[in-house]
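Beneath this line is the structure, given in structure tokens, with notes to follow.
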Amino acid sequence: MNHKLRSILAGLLVLALVSLACGISIPSGTTIDNAATAVAGTVNALAGTAESLITVIPHDLTLTPDDGLPTLPPLVEAAPLRVSFAAPDGSLYTWTEGMATAVQLVGPSGICCSYVSPDGTLIAFTRYTDYQFVALEVINSDGSNRRTLLDAAAMNALPRPDGSVGSEAGQIVWVPNSHVLAMNTRTVYEGPGLAFSENLYLINTDTSMLTTLLSTGSSSWKFFYSPDASKIAVSLPTQVDMYNADGSVLKLHEIYYDFVNTASEYAWVASPVWSADSLNLAAGVPPANPWDEVPDDSRVYRFAADGLSGEISFQTQMPFLEGGSVAFAPDQSKFLYFTRFGAPADNTYTLNIGFFDGTPNVAYTNGGFNENPVWSPDNTHFFYAIGSGGTNTPYIGQVGAAPAAIADYTNAGQIQWLDANRYLVVSQNAGVSRLLLGTIGAPTGLVFDSGSASTNFLTFSVNR
12 MNHKLRSILA GLLVLALVSL ACGISIPSGT TIDNAATAVA GTVNALAGTA
62 ESLITVIPHD LTLTPDDGLP TLPPLVEAAP LRVSFAAPDG SLYTWTEGMA
112 TAVQLVGPSG ICCSYVSPDG TLIAFTRYTD YQFVALEVIN SDGSNRRTLL
162 DAAAMNALPR PDGSVGSEAG QIVWVPNSHV LAMNTRTVYE GPGLAFSENL
212 YLINTDTSML TTLLSTGSSS WKFFYSPDAS KIAVSLPTQV DMYNADGSVL
262 KLHEIYYDFV NTASEYAWVA SPVWSADSLN LAAGVPPANP WDEVPDDSRV
312 YRFAADGLSG EISFQTQMPF LEGGSVAFAP DQSKFLYFTR FGAPADNTYT
362 LNIGFFDGTP NVAYTNGGFN ENPVWSPDNT HFFYAIGSGG TNTPYIGQVG
412 AAPAAIADYT NAGQIQWLDA NRYLVVSQNA GVSRLLLGTI GAPTGLVFDS
462 GSASTNFLTF SVNR
């Protein structure tokens, strides 16, 4: 490395460290910080690019071969927090720390879902009209440079089975530490059904170049990038396969399981969870016939990404398809799972804590659960909700301690932890959606209130 290059890299490192040191923490009080200076800074930064500023809240397609894949940048530290969300009216907003209130980037235009890039500088989003796919687009997080990556015609031009009437966006994720979107497509037929194209695509959002990375050979599958972006787990109806980031096969049949009867038109596939070091995965799998009155055991697997080791770590009866919804702690030392409590007609269950080190499992609490639990990054706390239908009461659970009910909101939906103590959650009451900032042991803050009732839900994304 020559002297000039070393000097440039050193300067960039210093700049990165200074930027991190100047980061502002998310406010932990009852409302989001609304200091006048923050408002002024936000308005000036977004002037002429965002379509409107929210009132302060009180409290043609190019296909290229695989050898044209974009190179991923090196692993970086966590970027400053960035949140995006699609409001019930189909508009797009963003919010970040220090911002007095959320800022509207795109007005009502049928936006259903958004996806924040790992570095927080880009927001991808999908648009629909009358349940028909319109476009996959991307916009800079400051509201500038909105562009279309795939419109309906380009999406329908992608390979799809004979007899289908079109395609639409399926699973979409950002490749870790990149500006590359990974995507499969859902195949649309005249009648009911849930099927996907066989191909995994990559879209470089800086160049709009689309490439085909690999073909799974299946119409039912999901994919999961490792945290370091070096590997991709692909889950199929009876197995999990492993690929390298360039699309080459690392190991087929990492784990096998029976085809699961879902009592519907879609085929169940596993949702493996990666360890932070990208070396191992864990997955829960229900039995072949989970609707039996006395079903066979569900299983919890742990296996190495290289396929050299793997085992069934735990198995027991779990209700219905809940064996596929086991929640693993980030460090994969523990997991949460449901077992039946009382008679089947009671629809009550026990939330259990399991341990991979052989520590006896703990029956933590009983109730009617209508949301799956979510672990905090500290591997100790977890969020869950007890209720029925669209009504629930949220709780913070803790390993070794009693659960604590959250008193200042109800009807929790989508939730994601930001750090060991704070999380974002959607609450909907009487059709009105709110995006809330929760903090363990403190009142809940309000990020956004839709203000009017809608049958649509608010959905959000965060680069965490």
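Going by my numbering, the sequence shown opens with residue 12, and the numbers climb by one from there. Cβ coordinates follow ideal geometry from the N, Cα and C atoms, glycine included.
### Query
What beta strand (DSSP E) runs, 3 residues minimum, are completely inside the stretch 167 to 237?
177 to 185, 191 to 199, 210 to 215, 220 to 226 and 233 to 236
### Query
If we ignore side chains and look at the alpha-carbon of each, how far apart do residue 115 and residue 106 end up?
9 Å
### Message
Between which residues of its own chain and residue 299 is the CB-CB distance below 8 Å, once the five residues before and five after are set aside?
### Response
269, 270, 271, 272 and 307
#### Entry: Whole-number beta carbon distance between residue 392 and residue 411, since they are thought to touch under 8 Å
That belief does not hold up - the Cβ atoms of residue 411 and residue 392 are roughly 11 Å apart, past 8 Å.
### Query
In this structure, does DSSP put residue 430 in helix, strand or coil?
coil
### Message
Less than 6 Å between C-beta atoms, sequence neighbours within five positions excluded: which residues of the same chain meet that for residue 414?
### Response
376, 406 and 408
### Inter-residue spacing [alpha-carbon to alpha-carbon] between residue 109 and residue 92
10 Å
### Task
Please classify residue 90: does DSSP put it in a helix, a strand, or coil?
coil
### Query
Quick check: the stretch 273 to 286 against the stretch 242 to 249, are there 3 or more CB pairs under 8 Å?
yes
#### Entry: Neighbourhood of residue 417 by C-beta, 6 Å cutoff - its chain only, sequence neighbours within 5 removed
405
#### Entry: Completely contained beta strand (DSSP E) runs for the stretch 387 to 425, where each covers 3 or more residues
392 to 399, 402 to 409 and 412 to 416
#### Entry: Integer-rounded CB distance, given that residue 215 should sit under 8 Å from residue 191
5 Å
### Task
Identify, in the order they occur along the chain, each residue of the same chain with its Cβ nearer than 6 Å to the Cβ of residue 262, setting aside the five sequence neighbours on each side.
253 and 318
#### Entry: Simplified DSSP state of residue 18, which is helix, strand or coil
The predicted model places residue 18 with a pLDDT of 42, which falls under 50 and marks its position as unreliable, so this point remains unresolved.
### Task
Just tell me which of 337, 197, 381 and 390 has its CA closest to the CA of residue 399.
381
### Task
Return the bridge partner residues of residue 439 from the DSSP annotation.
444
### Query
From residue 169 to residue 182, what does the alpha carbon distance come to, in whole angstroms?
15 Å
### Message
If I follow the unbroken beta strand (DSSP E) through residue 142, where does it start and stop?
### Response
Element bounds for residue 142: n/a, residue is neither H nor E.
### Task
Spell out the partners DSSP gives residue 365 in its beta bridges.
346
### Query
How many angstroms separate the CA atom of residue 242 from the CA atom of residue 353?
43 Å
### Query
In angstroms, rounded to a whole number, what distance separates the CA positions of residue 122 and residue 193?
19 Å
### Task
Tell me whether residue 470 sits in a helix, a strand or coil according to DSSP, three-state version.
strand
### Query
Among the residues of its own chain, which have a CB less than 7 Å from the CB of residue 463, if the five just before and after it don't count?
443
### Query
Among the residues of its own chain, which have a CB less than 7 Å from the CB of residue 339, if the five just before and after it don't count?
284, 293 and 346
#### Entry: Integer Cβ distance of residue 95 from residue 117, believed to fall under 8 Å
In fact, because the Cβ distance is near 10 Å, the residues do not count as touching under 8 Å.
### Task
Assign residue 461 to one of two classes, buried (16 or more other C-beta atoms within 10 Å of its C-beta) or exposed (fewer than that).
buried
### Query
Out of curiosity, what's the CA-to-CA distance linking residue 197 and residue 452?
42 Å
### Message
Just verifying my parser: in three-state terms, what is the DSSP assignment at residue 44?
### Response
Because residue 44 carries a pLDDT of 35, less than 50, the predicted location of this residue cannot be relied on, and the following value inherits that uncertainty. Coil, per DSSP.
### Message
Assuming residue 480 and residue 394 are in contact, meaning their beta carbons sit under 8 Å apart, how far apart are those beta carbons, in whole angstroms?
### Response
This structure cannot settle anything about residue 480, because the visible part of the chain is limited to 12 through 475.
### Query
What's the C-alpha gap between residue 154 and residue 133?
9 Å
### Task
Report the rounded CA-to-CA distance for residue 175 versus residue 200, giving the unit in angstroms.
5 Å
### Message
The beta strand (DSSP E) that contains residue 382, what's its start and end?
### Response
No beta strand (DSSP E) holds residue 382; DSSP gives it neither H nor E.
### Task
Have a look at residue 209 and residue 260 and give me their C-alpha separation to the nearest angstrom.
15 Å
### Query
Opposite residue 253 in the DSSP bridges: which residues?
244 and 262
### Message
Could you give the first and the last residue of the continuous beta strand (DSSP E) run that contains residue 103?
### Response
103 to 106
### CA nearest to the CA of residue 177, picked from 289, 158, 367 and 145
145
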